[in-house]
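4 protein chains.
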Amino acid sequence: MAVTTEIGYTTPDAITVRGKNLSSEMFGHFDFIDMVYWLNFARLPEPREKAMANLILVAAADHGLTPSALSARLTFLGAPESVQGAVAAGLLGAGSRFLGTVQNVAEMYKLAAQDLDDQSSEAAVLECAGKLVQAYRESRRPISGLGHNIHVHGDPRVPVLRDISEQHGYFGKHWRLALAIPVVLEQTHGKRLPLNGAGALGAIIADMGLDGIFGRGLMLVGRAAGLVAHIREEAQTPIGPDLWDLVLDQDPRNVRASSGY
Amino acid sequence: MAVTTEIGYTTPDAITVRGKNLSSEMFGHFDFIDMVYWLNFARLPEPREKAMANLILVAAADHGLTPSALSARLTFLGAPESVQGAVAAGLLGAGSRFLGTVQNVAEMYKLAAQDLDDQSSEAAVLECAGKLVQAYRESRRPISGLGHNIHVHGDPRVPVLRDISEQHGYFGKHWRLALAIPVVLEQTHGKRLPLNGAGALGAIIADMGLDGIFGRGLMLVGRAAGLVAHIREEAQTPIGPDLWDLVLDQDPRNVRASSGY
Amino acid sequence: MAVTTEIGYTTPDAITVRGKNLSSEMFGHFDFIDMVYWLNFARLPEPREKAMANLILVAAADHGLTPSALSARLTFLGAPESVQGAVAAGLLGAGSRFLGTVQNVAEMYKLAAQDLDDQSSEAAVLECAGKLVQAYRESRRPISGLGHNIHVHGDPRVPVLRDISEQHGYFGKHWRLALAIPVVLEQTHGKRLPLNGAGALGAIIADMGLDGIFGRGLMLVGRAAGLVAHIREEAQTPIGPDLWDLVLDQDPRNVRASSGY
Amino acid sequence: MAVTTEIGYTTPDAITVRGKNLSSEMFGHFDFIDMVYWLNFARLPEPREKAMANLILVAAADHGLTPSALSARLTFLGAPESVQGAVAAGLLGAGSRFLGTVQNVAEMYKLAAQDLDDQSSEAAVLECAGKLVQAYRESRRPISGLGHNIHVHGDPRVPVLRDISEQHGYFGKHWRLALAIPVVLEQTHGKRLPLNGAGALGAIIADMGLDGIFGRGLMLVGRAAGLVAHIREEAQTPIGPDLWDLVLDQDPRNVRASSGY
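These protein sequence lines map, in sequence, to chains S, E, F and G.
At position 218 of the first sequence (counting the first as 1) the number is 472 in the working numbering, and the numbers step up by one without a gap.
At position 217 of the second sequence (counting the first as 1) the number is 471 in the working numbering, and the numbers step up by one without a gap.
At position 44 of the third sequence (counting the first as 1) the number is 298 in the working numbering, and the numbers step up by one without a gap.
At position 203 of the fourth sequence (counting the first as 1) the number is 457 in the working numbering, and the numbers step up by one without a gap.
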């Protein structure tokens, strides 16, 4: 029975994180990405890894009134004293359909691409994509990482994420498989479902050799920063009460008092 | 009735975050701290602000088996499919006593130091600290940011946080007030309760001119990264089951089967 | 150092909850309210206590698309595999402004009514209410439990909650104080802010002699049941995607694709 | 686009829940189980359904220092002002391995037993169990609802849950399948893994004709009540700080100050 961690320990005089003194060796020497890598992998990131980790966090942060931002704002409305509760409520939607998808997609690509390597022929990659599509159809599971309710003609993030991946040497077999899946889907089933942001980020995670939990973890860290911005705006110029009214007004059976409050 | 945000909006072809195109102007150009500032303040950080933000995130990340790490690990034990739930459970303890304290402390310093400026005399700062101590005693509220259960002779993080703050020009009236409070407490009540990490981080937030919600928000973002490291370790070498057994063994009325499971 | 609980313990052959065998003495013998009282107070409820606990749970459950129901539904949209995450997100808004208010109100009434008893004169109750109103005005804190954004002329729940309280002998000094506060507010400040549901439930909790945490706890238990109904409806006939569209449509800068998805 | 619910609506004078007036028709008339059924199914429960719903809630409530109770207590330690956060943290572990298992098990039984009926022969039930065991082995998925780390010779709750189910006419094909699975496992693979509490509750949910989300929902509602008892005990006689020390003491690299705090 061992209830211990390799992450860190504490004495009256020092906090040690994976062998380094937090105060004297990390404060002022480590930036946040260094710390993320040190905590998770007990090593510092290479420059190209740092660039990619920053990219993933920036991509995860947020943009506008997504369901997770709405959930955080509606929670803050009832419990403004608990910023942590509003952030937690916003993160809890990072499941199999939004954000958390990155983990599922990365794991799906890794499993499917086991017999490929980065130099595999285009035909081999397409065959691998074909097998994946068929297996998912047979077990009636949806393939994550495809299509977008707003960016119906193609997610504008994907080509830029691809370019930056290539630039840093992370355009490998998983990215190639990810891009081959929509090609196969269109050829064999006539469906046009382009790769979306979560699919591209899952390919990045897999081509960087990172595990799926770490991938989902980066999404949560990045999104937390976006939620803080939404909560701060909500504290200053709240939309929660109007959002509630807007929803009630969708059903004529709800009647609001004429005089307001 | 306006249910809109200034943070961002979306069209089929572009995601815009505070006026900039996410894909073409931010991916590859912004690092994570740039993004945090852009989302929250619609501007990029100065270099010294970036250094301090990195410092705060590094300080918040985690070290060892804190209550928030334990809560995340125990949650993962029951719901390994929901990494977001484990991270949320770990963040929910960031309240008035741990981590979230930074917000409370920053707001307390700001309110108390309204009539000070960075050049106020030492006597004026001590007087201000004295008034704060007296007001909290009279209303029987504890003063946050003082003392530590392990670092009883002084929190080893505080002097380094102070040095780095000074180096970047953020050692102002709030830091001075924070350091004066333990002096007053020892002089007038004979109690030795040195400033702790949360107190120092609250002083930094206040001296950087940032609001309390943003301060607590940075703590949550940084801690999320530490929780991801704990969850990944838990997935690989779980301590949750042994921790549960260890707790049950504290009460002899609990009897575990000899054969294990 | 004792890490033990009086709530229960376990052996290979039996689970014991506060001295009773869960399987042989509680299953089939205890209803849920019995269990709530047994767990919390190590005794069974009197019939009138059971009636009131049922009333509180029924009142807390839910009605329509409240912020907590919306937050749960938006969370389910992203993570349908984690019903617990959607329920948790819905509960996290039960803070100082919604639902959780019951705890704050009960504690406020208890503190203010310390020198009253159930037979105090009407004048004494009004004087007590006057002092409370004045103290809150002086410290610029809002008085919880008053007013409602929809039920502007009076919350329809309050008279029925009062009648049932009286019927069971729980209309005491806290209820009387709660009803006196709006009278004082109207007389002295000309403001019409009738007692709301949370105020009435806080009065019930206080007049039943229960603590504030238990009061907030009952609200959370009851609301969880309502959230389950919302999540089940969301699983069958989702409104989350339309809600998201509805919100985006409030800002003309958001452009959705004409073809939908 | 319809953002409406059939659960309820509100006017200045009345709250309506599935067609009934909350104040005049439900307060004082409905007990909590009535409300749960009314909210979820728009009908009142039969007496035997009420008995079973009470049984499930009692079984879910809690017993001793489970991971969910520990997570709630550790969260309360940092954020005592947010009881809702501590309850939420405790519920977030109700996933595929603990508590939430009831949903997964109920859905597994329902799918597997589609071709059985309550009067199917014992041979047919065993054959169905055999197919399920084989299918799970082939896809290398664990079968939920079996075995227990403490109750290694058989979960003491199971026979009582079975008796009460029979007594109320809810011992049908799902219960029979649930009990046949361990028989098959022992015959064909020599493994002794008796049905556990979650397995029995899943069988009850399925034999009552309820859906899996409702099943997991009842577990969450019941557990919330147990968590409230733990949080109240933690507020009065905290074990959180000692639990933290106990954990730190497991690793000799952690050194606590001799003088305490």
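Note that beta-carbon positions come from the ideal geometry of N, C-alpha and C, so glycine has one too.
Computed from a prediction, not measured in an experiment: that's the story for all the values here.
In the displayed model, Lys274(F) falls within a strand according to three-state DSSP.
Under the three-state reduction of DSSP output, Leu324(F) falls in the helix class. At a cut-off of 7 Å, the C-beta of Thr491(S) has no neighbouring C-beta in chain F.
The beta carbon of Gly282(G) sits closer than 7 Å to some beta carbon of chain F. Straight-line measurement puts the Cα of Thr270(E) at about 6 Å from the Cα of Leu276(E). Collapsing the DSSP output to three states places Leu319(S) in coil. Residue burial annotation: His422(E) is buried, with at least 16 other C-beta atoms found within 10 angstroms of its C-beta. Nearest neighbour of Gly408(G) by Cα position, chosen from Arg477(G), Thr265(G), Ala360(G) and Gly453(G), turns out to be Gly453(G).
Put simply, the CB of Tyr263(S) is near chain G, with a gap under 7 Å to one of its CB atoms. Ranked by how close their Cα comes to the Cα of Asp285(E), the residues Trp292(S), Gly354(S), Met306(S) and Leu345(S) have Met306(S) in first place. Taken through DSSP and simplified to helix, strand or coil, Tyr263(F) comes out as strand. Exclusion of the five residues before and after Ala323(G) leaves Asp316, Gly344, Gly480, Leu481 and His484 as the residues of its chain whose Cβ lies within less than 8 Å of its Cβ.
For Gly273(S), the closest C-alpha among the options Leu449(S), Ile261(S), Asp267(S) and Gly282(S) is that of Ile261(S). By the rule that beta-carbons nearer than 7 Å mark a contact, Asp505(S) touches chain G. Excluding its 5 nearest sequence neighbours in each direction, Trp292(F) has C-beta neighbours in its own chain below 8 Å: Val271, Arg272, Lys274, Met280, Phe284 and Leu298, listed in chain order. Under a criterion of Cβ atoms nearer than 8 Å, the residues of chain S adjacent to Ala333(G) are, in order, Ser336 and Gln338. In the DSSP annotation of this structure, the continuous segment of the alpha helix (DSSP H) that includes Lys364(E) starts and ends at Thr355 to Ala366. Counting only runs of at least 3 residues, the region 425-459 of chain S fully encloses no beta strand (DSSP E) element at all. Listed as beta-bridge partners of Ile269(E) by DSSP are Thr264(E).
Proximity of Val257(F) to chain E, defined by a Cβ-Cβ separation below 7 Å, is satisfied. Close to Asp285(F), with beta-carbon spacing below 7 Å, are these residues of chain G in chain order: Asn308. Among the residues facing chain F, Trp498(S) is included, as its CB has a counterpart in that chain under 7 Å away.
The beta carbon of Thr264(G) lies closer than 6 Å to none in the same chain, with the five residues before and after it left out.
Distance between Glu300(F) and Ala460(F), taken at the CA atoms: about 17 Å. If you check the CB distance, Ala333(E) and Gly349(G) come in under 7 Å. None of the residues of the region 406-421 of chain S has a beta carbon lying less than 7 Å from any beta carbon of chain G.
The shortest CA-to-CA distance from Leu380(S) to any of Ala340(S), Ile435(S), His405(S) and Phe330(S) is the one to Ile435(S).
Using a CB distance cut-off of 7 Å, Val501(S) counts as an interface residue toward chain F. With its beta carbon at least 7 Å from every one in chain G, Pro448(E) lies outside the interface. Measuring C-alpha to C-alpha distances from Val290(G) to each of Leu431(F), Ala296(F), Ser278(F) and Leu311(F) identifies Leu311(F) as the nearest. The straight-line gap separating the alpha-carbon atoms of Pro266(S) and Ser278(S) is approximately 15 Å. Non-local beta-carbon contacts of Asn508(G) in its own chain, meaning distances under 8 Å to residues more than five positions away in sequence, involve Leu502 in chain order.
Among the residues facing chain F, Met289(G) is included, as its CB has a counterpart in that chain under 7 Å away. Rounded to whole angstroms, the gap between the alpha carbons of Leu497(G) and Pro495(E) is 15 Å.
In the displayed model, Leu472(G) falls within a helix according to three-state DSSP. Taking a Cβ-Cβ cut-off of 9 Å, Ile397(G) has no neighbours in chain E, whose nearest Cβ is about 15 Å from it.
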